[in-house]
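Trainee:
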Amino acid sequence: MIPYARQEITADDIESVVRVLQSEWLTQGPAVPLFEHALSNYTGAKHAVAVNSATSALHLACLALDVRPGDLVWTSPNTFVASANCALYCNAAIDFVDIDGLTYNMSVDKLKEKLEEAHSKNRLPKVIVAVHFAGQPCDMAAIYDLKKKYGFKIVEDASHAVGAKYLGTRIGACAFSDVTIFSFHPVKIFTTAEGGAVLTNCDEIASKVKLLRSHGIARDVNLMTHKSPEPWYYEQLELGYNYRMSDLHAALGLSQINRLDSFLAYRQNIADEYSKLLKDLPIATPWISPDTSSSWHLYVIRLKLQKIQKSRLQVFQNLRDSGVGVQIHYIPIHLHPYFLKMGFKPGDFPVCEQYYAEALSLPIYTKLTRDNQLAVIRALEAALSK
Ligand SMILES: *Cc1c(COP(=O)(O)O)cnc(C)c1O
Numbered sequence: 076m077i078p079y080a081r082q083e084i085t086a087d088d089i090e091s092v093v094r095v096l097q098s099e100w101l102t103q104g105p106a107v108p109l110f111e112h113a114l115s116n117y118t119g120a121k122h123a124v125a126v127n128s129a130t131s132a133l134h135l136a137c138l139a140l141d142v143r144p145g146d147l148v149w150t151s152p153n154t155f156v157a158s159a160n161c162a163l164y165c166n167a168a169i170d171f172v173d174i175d176g177l178t179y180n181m182s183v184d185k186l187k188e189k190l191e192e193a194h195s196k197n198r199l200p201k202v203i204v205a206v207h208f209a210g211q212p213c214d215m216a217a218i219y220d221l222k223k224k225y226g227f228k229i230v231e232d233a234s235h236a237v238g239a240k241y242l243g244t245r246i247g248a249c250a251f252s253d254v255t256i257f258s259f260h261p262v263k264i265f266t267t268a269e270g271g272a273v274l275t276n277c278d279e280i281a282s283k284v285k286l287l288r289s290h291g292i293a294r295d296v297n298l299m300t301h302k303s304p305e306p307w308y309y310e311q312l313e314l315g316y317n318y319r320m321s322d323l324h325a326a327l328g329l330s331q332i333n334r335l336d337s338f339l340a341y342r343q344n345i346a347d348e349y350s351k352l353l354k355d356l357p358i359a360t361p362w363i364s365p366d367t368s369s370s371w372h373l374y375v376i377r378l379k380l381q382k383i384q385k386s387r388l389q390v391f392q393n394l395r396d397s398g399v400g401v402q403i404h405y406i407p408i409h410l411h412p413y414f415l416k417m418g419f420k421p422g423d424f425p426v427c428e429q430y431y432a433e434a435l436s437l438p439i440y441t442k443l444t445r446d447n448q449l450a451v452i453r454a455l456e457a458a459l460s461k
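Letter by letter, the sequence shown follows residues 76 to 461 of our numbering.
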């Protein structure tokens, strides 16, 4: 089976992890700050804080932005559930903004309308989680303008968009946001096995995130209430978590980030080939805004079901049967049973639901060979015509 995504691990990656195993430090040691430094350098963010997953990063981002019970967080329904769950971990309420039919990101027009309505009802969101779906950045300048008008904070969920650019600036630089989070899960752009990061230009947010990732415990005397501490002394200042990244994971990340530019070039090339070779099929290939440069985490096509004598399920099954591990990204979040119980219903976000009915993710990853890609294309042609 050709999977839809997969990591690339080299001998160098293995060696850098083994070196940590042979060292003093297994948990957060010297590799973590080195990895954080590499992330800051690459993105231009003032601070990068490595954690054990993007899910943890989203939770800490919400806490650092003071999301509390009774607050409201908005995100896109077309994303992994973690983009919404971060609000629920803080006992805040979640709501969604329907997507744009071209980029499949949160629609700025819908966001404007929803903000106007929320303003009139005095129920504005505290935080908006902007998800850069498939690796294509959202229209951040437009969302930032709305932030200035309505006063919410912005978290960029850049789990898909490590290495992507918006208006020439690297995602992670937080040019139009308070916080950006990354995922280093093996299906994403580069991997630390499990892992994530919080990036920000704000000193206060960075120190809050660092405190909360390790139990809310301070060892820095400047943060403590007791100003002449004994040598063993530390203080718990807040209720934190153990969301630390280990040195093993950071060492893998340090080795992988060296190849990030070549990963991005490889993915761009695969995407270009798909778009060129699939253009006569009864599908829509991805549309990329001239303002953005995608990191191509996903290559999503939409089936023109009126022109195909088959259902999406049949096309999906035909491809799986011929060894192509297609996937669907995503089941709209509001249609999961947990969210239906909260009162969301089918029809709430019609553009997203229509998109979901037609979407299909084709394999894209750095170890996908030219032959693999041609096999995927042949299988898709067959599946659409049979
Ligand atoms: C993968 C993903 C996450 C969660 O990442 P983990 O590192 O597995 O916690 C969050 N948001 C989006 C959009 C994702 O794709």
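Just so it is clear, CB atoms sit at the ideal spot from N, CA and C, and this is done for glycine as well.
Between Arg387 and chain C, is the shortest Cβ-Cβ distance under 7 Å, so that the two count as touching?
Mentor: The question asks about chain C, but that chain is absent: this structure has only one protein chain.
Trainee: How long is the line joining the alpha carbons of Ser234 and Trp371, rounded to whole angstroms?
Mentor: Counting from one through the sequence shown, the residue named residue 234 turns up at place 159. Counting from one through the sequence shown, the residue named residue 371 turns up at place 296. Taking the straight line from one Cα to the other gives about 11 Å.
Trainee: Could you tell me if Ile256 is buried or exposed, where buried requires 16 or more neighbouring beta carbons within 10 angstroms of its beta carbon?
Mentor: Taking the sequence shown and counting its residues from 1, the one referred to as residue 256 is at position 181. Classification of Ile256: buried, given that the 10 Å Cβ count is 16 or more.
Trainee: What beta strand (DSSP E) runs, 3 residues minimum, are completely inside the segment 153-233?
Mentor: Runs found: 168-171, 202-206, 228-232.
Trainee: Nearer than 6 Å: is that true of the beta carbon of Phe155 relative to any heavy atom of ligand 1?
Mentor: The residue labelled residue 155 in the question sits at position 80 within the sequence shown. Yes.
Trainee: With three or more C-beta pairs closer than 8 Å as the rule, is the segment 186-197 touching the segment 436-451?
Mentor: Here the segment 436-451 makes no contact with the segment 186-197; the two share fewer than three CB pairs at distances below 8 Å.
Trainee: Going along the chain, which residues of its own chain have a beta-carbon closer than 8 Å to the beta-carbon of Phe391, five neighbours each way excluded?
Mentor: By one-based count along the sequence shown, residue 391 stands at place 316. The answer, listed in chain order, is Val401, Ile403, Leu435.
Trainee: With DSSP as the reference, label Lys240 as helix, strand or coil.
Mentor: Here the question's residue 240 lines up with position 165 in the sequence shown. Strand at Lys240.
Trainee: Can the beta-carbon of Cys213 be found closer than 7 Å to that of Met181?
Mentor: Within the sequence shown, numbered from 1, the residue matching residue 213 stands at position 138. Within the sequence shown, numbered from 1, the residue matching residue 181 stands at position 106. Contact: yes.
Trainee: Is Val142 helix, strand or coil when you go by DSSP?
Mentor: On the sequence shown, position 67 is the one that residue 142 refers to. Of the three classes helix, strand and coil, the one that applies to Val142 here is coil, per DSSP.
Trainee: Can you check which of these residues, Gly247, Phe155, Asp355, is closest to Ala113 by C-alpha distance?
Mentor: Taking the first residue of the sequence shown as 1, we reach residue 113 at position 38. Ranking Gly247, Phe155, Asp355 by Cα distance to Ala113 puts Gly247 first.
Trainee: Determine the burial state of Val93: buried for a count of at least 16 other Cβ atoms within 10 Å of its Cβ, exposed for fewer.
Mentor: One-based indexing of the sequence shown puts residue 93 at position 18. Exposed: under 16 other Cβ atoms inside 10 Å.
Trainee: Runs of 4 residues minimum, wholly inside the segment 375-434: which ones carry the alpha helix (DSSP H) assignment?
Mentor: 387-396, 412-415, 425-433
Trainee: Within the continuous alpha helix (DSSP H) that includes Val273, where are the two ends?
Mentor: Sequence index remark: in the sequence shown, residue 273 carries index 198 (1-based). Element bounds for Val273: not the alpha helix (DSSP H) but the beta strand (DSSP E), 271-275.
Trainee: In the structure shown, what three-state DSSP assignment does Thr536 receive?
Mentor: This structure leaves residue 536 out entirely; the chain is present only between 76 and 461.
Trainee: What do you reckon, are the CB atoms on Val148 and Ile169 nearer than 7 Å?
Mentor: The sequence position of residue 148 within the sequence shown is 73, counting from 1. The sequence position of residue 169 within the sequence shown is 94, counting from 1. Contact: yes.
Trainee: Could you give the distance in angstroms between the alpha-carbon of Thr465 and the alpha-carbon of Ser397?
Mentor: The requested residue 465 is not part of the displayed model; the chain covers only 76 to 461.
Trainee: What does a CB cutoff of less than 6 Å around Ala167 pick up in its chain, not counting 5 residues either side in sequence?
Mentor: Here residue 167 corresponds to residue number 92 of the sequence shown, with the count starting at 1. Only Val142, Asp146, Val148 meet the Cβ criterion.
Trainee: Give me whichever residues DSSP pairs with Glu310 in a beta bridge.
Mentor: The residue given as residue 310 occupies position 235 in the sequence shown. Bridge partners of Glu310: Ala293.
Trainee: DSSP beta-bridge partners for Ala123?
Mentor: One-based indexing of the sequence shown puts residue 123 at position 48. Under the DSSP definition of a beta bridge, Ala123 partners with Leu274.
Trainee: Compute the Euclidean distance between the alpha carbons of Leu335 and Ala250, then round it to the nearest angstrom.
Mentor: One-based indexing of the sequence shown puts residue 335 at position 260. One-based indexing of the sequence shown puts residue 250 at position 175. Rounded to the nearest whole angstrom, the C-alpha separation of Leu335 and Ala250 is 21 Å.
Trainee: Just the C-alpha distance for Gln331 and Ser303, rounded to the nearest angstrom, thanks.
Mentor: Within the sequence shown, numbered from 1, the residue matching residue 331 stands at position 256. Within the sequence shown, numbered from 1, the residue matching residue 303 stands at position 228. Going from the Cα of Gln331 to the Cα of Ser303 covers about 42 Å.
Trainee: Considering only the alpha carbon of each residue, which of Thr118, Pro412, Asn447, Thr102 lies closest to Tyr241?
Mentor: Numbered from 1 along the sequence shown, position 166 holds the residue referred to as residue 241. The option with the nearest alpha carbon to Tyr241 is Thr118.
Trainee: Rounded to whole angstroms, what's the CA-CA distance from Glu83 to Thr150? Just pull it up for me.
Mentor: For the purposes of this step, residue 83 is taken as residue 8 along the sequence shown, with counting starting at 1. For the purposes of this step, residue 150 is taken as residue 75 along the sequence shown, with counting starting at 1. So the two alpha carbons sit approximately 31 Å from each other.
Trainee: Taking the continuous alpha helix (DSSP H) assigned at Val254, which residues delimit it?
Mentor: As a working note, residue 254 is residue 179 in the sequence shown. That residue, Val254, is in no alpha helix (DSSP H); its beta strand (DSSP E) goes 254-258.
Trainee: Cβ of Thr130 within 6 Å of any heavy atom in ligand 1?
Mentor: As a working note, residue 130 is residue 55 in the sequence shown. Checking every heavy atom of ligand 1 against the Cβ of Thr130, one is found closer than 6 Å.
Trainee: Below 8 Å on the Cβ atoms is my contact criterion, and I expect Arg377 with Glu433 to pass it. Report the Cβ-Cβ distance as a whole number of Å.
Mentor: Residue 377 sits at position 302 when you count from the first residue of the sequence shown. Residue 433 sits at position 358 when you count from the first residue of the sequence shown. Right, the Cβ-Cβ distance comes to about 4 Å (below 8 Å), so this counts as a contact.
Trainee: For the segment 265-281 against the segment 315-325, are there 3 or more C-beta pairs whose distance is under 8 Å?
Mentor: yes
Trainee: So Gln211 packs on Ile89, CB below 8 Å; how close in whole Å?
Mentor: Walking along the sequence shown from the start, residue 211 turns up at place 136. Walking along the sequence shown from the start, residue 89 turns up at place 14. Not quite, the Cβ-Cβ distance comes to about 32 Å (not below 8 Å), so this is no contact.
Trainee: Between Asn153 and Cys427, what straight-line distance do the alpha-carbon atoms span, to the nearest angstrom?
Mentor: Your numbering for residue 153 matches position 78 in the sequence shown. Your numbering for residue 427 matches position 352 in the sequence shown. Distance between the alpha carbons of Asn153 and Cys427: 6 Å.
Trainee: Ala125: buried (16+ other C-beta within 10 angstroms of its C-beta) or exposed?
Mentor: Taking the first residue of the sequence shown as 1, we reach residue 125 at position 50. Ala125 comes out buried.
Trainee: Could you have a look at Thr54 and say whether DSSP puts it in helix, strand or coil?
Mentor: Because the chain in this structure spans residues 76 to 461, residue 54 falls outside the shown range and cannot be described.
Trainee: How long is the line joining the alpha carbons of Asp347 and Asn447, rounded to whole angstroms?
Mentor: Position 272 of the sequence shown holds residue 347. Position 372 of the sequence shown holds residue 447. Distance between the alpha carbons of Asp347 and Asn447: 15 Å.
Trainee: Count the other CB atoms, across all protein chains shown, that sit within 10 Å of the CB of Ser195; report buried if there are 16 or more and exposed otherwise.
Mentor: On the sequence shown, position 120 is the one that residue 195 refers to. By the neighbour-count rule (16 or more Cβ atoms within 10 Å), Ser195 is not buried but exposed.
Trainee: Our contact map puts Asn127 next to Arg319 with C-beta atoms below 8 Å; I'd like the distance itself, whole angstroms only.
Mentor: If you number the sequence shown from 1, residue 127 lands on position 52. If you number the sequence shown from 1, residue 319 lands on position 244. About 6 Å; that satisfies the 8 Å criterion.
Trainee: Along the chain, where does the beta strand (DSSP E) that runs through Leu147 open and close?
Mentor: Taking the first residue of the sequence shown as 1, we reach residue 147 at position 72. Where Leu147 is concerned, the enclosing beta strand (DSSP E) stretches over 147-150.
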